[in-house]
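Visitor: Numbering (the working numbering), first residue to last: 123 to 345. Questions regarding the structure given below will be posed in turn.
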Amino acid sequence: IVVLGCVVWAHHMFTVGMDINTTVFFSSTTVIIGVPTGIKVFSWTYMLLNGNVIYKSPVVLWIVGFIVLFVIGGVTGIVLSSSALDSLLHDTWFVVAHFHYVFSMGSYVSVIIFFVWWWPAISGFNLNDSLLRIHWLFSMVGFNACFFPMHYFGLVGLPRRVCIYDSSYYWLSSIVSVGSLLSIISGITFFLILIESILSNRVWVGNWIMPNSQISEMNLPLT
Numbered sequence: 123i124v125v126l127g128c129v130v131w132a133h134h135m136f137t138v139g140m141d142i143n144t145t146v147f148f149s150s151t152t153v154i155i156g157v158p159t160g161i162k163v164f165s166w167t168y169m170l171l172n173g174n175v176i177y178k179s180p181v182v183l184w185i186v187g188f189i190v191l192f193v194i195g196g197v198t199g200i201v202l203s204s205s206a207l208d209s210l211l212h213d214t215w216f217v218v219a220h221f222h223y224v225f226s227m228g229s230y231v232s233v234i235i236f237f238v239w240w241w242p243a244i245s246g247f248n249l250n251d252s253l254l255r256i257h258w259l260f261s262m263v264g265f266n267a268c269f270f271p272m273h274y275f276g277l278v279g280l281p282r283r284v285c286i287y288d289s290s291y292y293w294l295s296s297i298v299s300v301g302s303l304l305s306i307i308s309g310i311t312f313f314l315i316l317i318e319s320i321l322s323n324r325v326w327v328g329n330w331i332m333p334n335s336q337i338s339e340m341n342l343p344l345t
């Protein structure tokens, strides 16, 4: 994946007027990179199904959510790997949905998992598991409600960065707006969850501030 990743960069440039041989090369390598990426997803899934995993753990929920979103982004990436289709969809909402599923949510999930995993060791206080699950649900519903309908917007030819649209798309646009609001609320909720852990004084058993306590980063509790 690392090697192929160095030779797919021009799949963002199919519409700049590249010659046919260059276009075919980058289109082909982009399709090929989907094979090891698919194997990687199966590896993640195998690990979750066969490992000693607590499925109700907020971290595991975020990992599962990331895999689902990454697969959706990967499938739409295969669609856009075709230079012919990319030329049709490049300036539509389809592309907006694609790169948010692949890039933005992956970055957000990484930040959330970092805080959920390390917050007890950093602050000395436990996070509320129930609130974390609610936050995860709000985030997943909000994100998908916001960006999934954009695939349809792109397929019917609605250009991105344009706020004027036919009234027949009003109900879908409303869902997107509600999804964006839910995403904002979920972000604020996570910040409040961090504050709640401190105000509730729910001290972590392995708190490094406590005298004679020892920490092994390989055995840090999730809660």
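Here a beta-carbon is modelled for each residue, glycine too, at the ideal position from N, C-alpha and C.
Do L254 and V238 have their CB atoms nearer than 8 Å?
Guide: Their beta carbons are under 8 Å apart, which means L254 touches V238 by this criterion.
Visitor: Specify the secondary structure class of F136 as computed by DSSP and reduced to three states.
Guide: Residue state, collapsed to three classes: coil.
Visitor: What's the C-alpha gap between I244 and H257?
Guide: Their Cα atoms are separated by approximately 21 Å.
Visitor: Among all the DSSP beta bridges, which residues are the ones paired with V325?
Guide: For V325, which the question treats as bridged, DSSP gives the partners F247.
Visitor: By how many angstroms is the C-alpha of T198 removed from the C-alpha of L183?
Guide: Near 23 Å, if we compare the C-alpha coordinates of T198 and L183.
Visitor: Alpha carbon to alpha carbon, how far is W240 from V193?
Guide: Between W240 and V193, the C-alpha separation is close to 27 Å.
Visitor: Please list the terminal residues of the continuous alpha helix (DSSP H) segment that includes V130.
Guide: V130 -> no alpha helix (DSSP H), and no H or E assigned at all.
Visitor: Note the first and the last residue of the continuous alpha helix (DSSP H) segment covering T214.
Guide: First-last for T214: undefined, no H or E at that position.
Visitor: Please report the straight-line C-alpha distance between M135 and S319, rounded to a whole angstrom.
Guide: Approximately 47 Å between the Cα atoms of the pair.
Visitor: Going by DSSP, what residue range makes up the alpha helix (DSSP H) through K178?
Guide: Where K178 is concerned, there is no enclosing alpha helix (DSSP H), given that its DSSP letter is neither H nor E.
Visitor: Spatial neighbours of Y223 within its chain, please: C-beta separation below 8 Å, excluding the five flanking residues on both sides.
Guide: Answer for Y223: L191, F192, I194, G195, T198, F269, listed in chain order.
Visitor: Going straight from the alpha carbon of T137 to that of T145, what length do you get?
Guide: Their backbone Cα atoms lie some 10 Å apart in a straight line.
Visitor: Which partner residues does P281 have in the DSSP bridge list?
Guide: According to DSSP, which records beta bridges pairwise, P281 is partnered with T214.
Visitor: Hey, N300 and M272: beta-carbon distance below 8 Å or not?
Guide: The sequence shown places Val at residue 300, not Asn. Not closer than 8 Å, so no.
Visitor: Whose C-beta lies closer than 8 Å to the C-beta of S209 among residues of the same chain, with five residues either side of it excluded?
Guide: Hits under 8 Å: F136, T137.
Visitor: Write down the C-beta distance between H133 and F147 rounded to the nearest angstrom, noting that I regard them as a contact closer than 8 Å.
Guide: Not confirmed; about 10 Å, so no contact.
Visitor: Considering Cα atoms alone, identify which of G139, D141, V153, N143 is closest to V130.
Guide: For the residues G139, D141, V153, N143, the minimum Cα distance to V130 belongs to V153.
Visitor: By the three-class DSSP mapping on this structure, what secondary structure does S204 have?
Guide: Coil, per DSSP.
Visitor: How long is the line joining the alpha carbons of F216 and I142, rounded to whole angstroms?
Guide: Their backbone Cα atoms lie some 24 Å apart in a straight line.
Visitor: Compare the C-alpha of A206 against each of V124, S150, S295 and name the closest.
Guide: Nearest C-alpha to A206: S150.
Visitor: List the endpoints of the continuous alpha helix (DSSP H) containing S289.
Guide: That residue, S289, is in no alpha helix (DSSP H); it is neither H nor E in DSSP.
Visitor: List the endpoints of the continuous alpha helix (DSSP H) containing F147.
Guide: Where F147 is concerned, the enclosing alpha helix (DSSP H) stretches over 142–154.
Visitor: Between which residues of its own chain and I123 is the CB-CB distance below 8 Å, once the five residues before and five after are set aside?
Guide: Hits under 8 Å: I155, P158, T159, K162.
Visitor: Would you kindly work out how many angstroms separate the C-alpha atoms of N250 and S226, rounded to a whole number?
Guide: If you take the alpha carbons of N250 and S226, they lie about 25 Å apart.
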